[in-house]
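FYI, in our numbering the residues of the sequence shown are 86 to 508.
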Amino acid sequence: MAVDLLLGLQWGDEGKGKIVDVLTKNYDIIARFQGGPNAGHTLEFDGIKHVLHTIPSGIFHKNAINVVGNGVVIDPVIFKKEIDNLKKFNLDIKTILLISRKAHLILPTHRLLDAASEAAKGKAKIGSTLKGIGPTYMDKTGRNGMRVGDLELDDWKEKYRSLANKHEAMINFYDVDIQYDLAELEADFFMAVKVLKELTFIDSEEYLYQAQKAGKKILAEGAQGSLLDIDFGTYPFVTSSNTTAAGACTGLGIAPNQIGGVKGIFKAYTTRVGSGPFPTELFDEDGETMGRVGNEFGATTGRPRRCGWLDLVALKYAVRINGVTELMMMKGDVLSGFKKLKVCTAYNYKGKKIEHLPFNIEAENVTPIYTEMDGWAEDLTKMETEAQFPKALKEYIAFLEKELEIPIKIVSVGPDRTQTIHR
Ligand code: IMP
């Protein structure tokens, strides 16, 4: 039984949380494979809006098992808050949420290091969510990290202490003014670890192997987006994990030949939060309208997202890197009311027209070349079938399918579960 993937194809915030929630009824297991609480997956149903950071988006379906894979980094403090927020839903968390022993832990000092590193960068800062993601993955690859399974060992506090001491020396190395009370942060951390230890830890690669053998259907849920991938994103303005399809293999222990369908999500326009190049970014009224109508504020940090037209050069790149087999277009409703829509179909790169994503897409090298299309005035949010779509939207979808050479199987017309049109 193959494992399907669900991945964001832009700079994150494409709406993965909503789609996983919609698709969960077709799966037995939802597994997160990378990232950490830098993610903010927003789900809306029955008039409730809920944001998840580390917990997979299948958690509200009582029959689905949710796995936090080895590739994820967990901050016990944020995890505890997430668990507390779920209490009102009366979920059997110990049964439906399983955590890989090999997932790495974000320590309070990782968060401080993130803050110190960003402050030291000045203008060159990445715009990190400051959740300690980079420093935690650095410790992972540097072979210094602490893992969830370490918490089951008697000497885990000694291991913690020695790592935290090292981090403190590193924080002092940065010549920046970071105010913190480590004793207070540690008190929260130790209390949260206690809660974490009450949950179910597993050898997730073995669990998923057995589940596959038993014919269970598994959906691997990505976080962030392909253009934030540590290798293939707009480096160094990226996150510290592989957000692309290959990350699901290393982040869950799934063999490449076990990958089935690759579902790629994109917004009908583009957004980005944090620093870094963004060729189709708008600084005018159109960008402002997208941000306002689309409620484009980071689900984790509340920062306003930068907005711009759809970039097909970047989207094609993401489709190829991930081997996308079907597409899902989100937030088409936000584009209602634009008389004309623009789609970037090529770049002017140092005076030459190119159609692939080059090494460097900073504004001084790249200007987008647009194809202009008619917009539509109709409100899409109450539409229930594709037949109700305005002609211009049908043309927009047909144009994208032709360019991307992949079918768009879902068009989302609003944040609620029910505002989802399957094609
Ligand atoms: P970090 O992963 O928190 O260090 O952030 C690195 C970059 O990725 C920054 O530009 C963040 O704004 C961006 N980023 C991280 N997580 C998300 C996400 O879930 N959605 C959108 N952008 C993200």
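Each residue gets a CB set at the ideal place from its N, CA and C atoms; glycine is no exception.
Remember, predicted model here, so these are calculated numbers, not experimental data.
Not a single heavy atom of the ligand IMP lies less than 7 Å from the C-beta of V105.
A residue is called buried once 16 or more other Cβ atoms fall within 10 Å of its Cβ, and Q295, having fewer, is exposed. Relative to the ligand IMP, the nearest heavy atom lies less than 7 Å away from the CB of K216.
Under DSSP, K134 shares a beta bridge with E129.
Annotation: L90 to A330 spans about 7 Å, alpha carbon to alpha carbon. A distance criterion of 7 Å places the beta-carbon of Q309 in contact range of the ligand IMP, judged by its closest non-hydrogen atom. Taking C-beta atoms as the reference points, P141 and V153 count as a pair closer than 8 Å. As far as DSSP is concerned, H252 takes part in no beta bridge.
By the C-beta criterion, the region 446 to 455 is judged to be in contact with the region 357 to 371, since at least 3 inter-stretch pairs fall below 8 Å. Burial state of S247 is exposed, judged by a 10 Å Cβ sphere holding fewer than 16 other Cβ atoms. As the crow flies, the alpha-carbon of I181 is around 13 Å from that of Y112.
Contact annotation: the region 338 to 354 touches the region 404 to 422, with at least three C-beta pairs closer than 8 Å. Proximity to K225 across V136, I495 and L190 peaks at L190, based on C-alpha coordinates. By the beta-carbon neighbour count (other beta carbons within 10 angstroms, threshold 16), E440 is exposed.
The ligand IMP has a heavy atom closer than 7 Å to the beta-carbon of F322.
Within the same chain, and ignoring the five residues on either side of I144 in sequence, the residues whose Cβ sits closer than 6 Å to its Cβ are N151. Between the region 93 to 100 and the region 303 to 310, the count of C-beta pairs closer than 8 Å reaches three or more; the two stretches touch. If you ignore the 5 residues before and after G499, its C-beta comes within less than 7 Å of the C-beta of D418 and T466, all in its own chain and listed in chain order. Going by DSSP, S326 is part of no alpha helix (DSSP H) at all; its letter is neither H nor E. Look at the region 363 to 447 and you find these whole runs of alpha helix (DSSP H), each 4 residues long or longer: 370 to 378 and 397 to 407.
Taking C-alpha positions only, I159 is separated from I178 by approximately 16 Å. The beta carbons of I491 and V409 sit closer together than 8 Å. Remark: fewer than three beta-carbon pairs, one from each stretch, lie closer than 8 Å, so the region 290 to 305 and the region 238 to 246 are not flagged as touching.
Assigned with DSSP and collapsed to three states, T221 falls in helix.
Listed in chain order, the alpha helix (DSSP H) runs fully inside the region 248 to 308 are 267 to 282 and 289 to 298, counting runs of at least 4 residues. Note on geometry: alpha-carbon atoms of G102 and G379 lie some 16 Å from one another. The residues K425 and K427, in chain order, have a CB closer than 6 Å to that of E457 in the same chain once the five nearest residues on each side in sequence are set aside. Annotated three-state conformation of V107 is helix, per DSSP. By the Cβ-count criterion, N407 is buried, with 16 or more other Cβ atoms from all chains shown falling within 10 Å of its own Cβ. It is roughly 42 Å from the alpha-carbon of T335 to the alpha-carbon of D464. Looking at the backbone, the Cα of F474 and that of D459 are separated by about 14 Å. Cβ-Cβ distances below 8 Å link H146 to D106, T109 and K110 in the same chain, with the five nearest sequence neighbours on each side left out; the list follows chain order.
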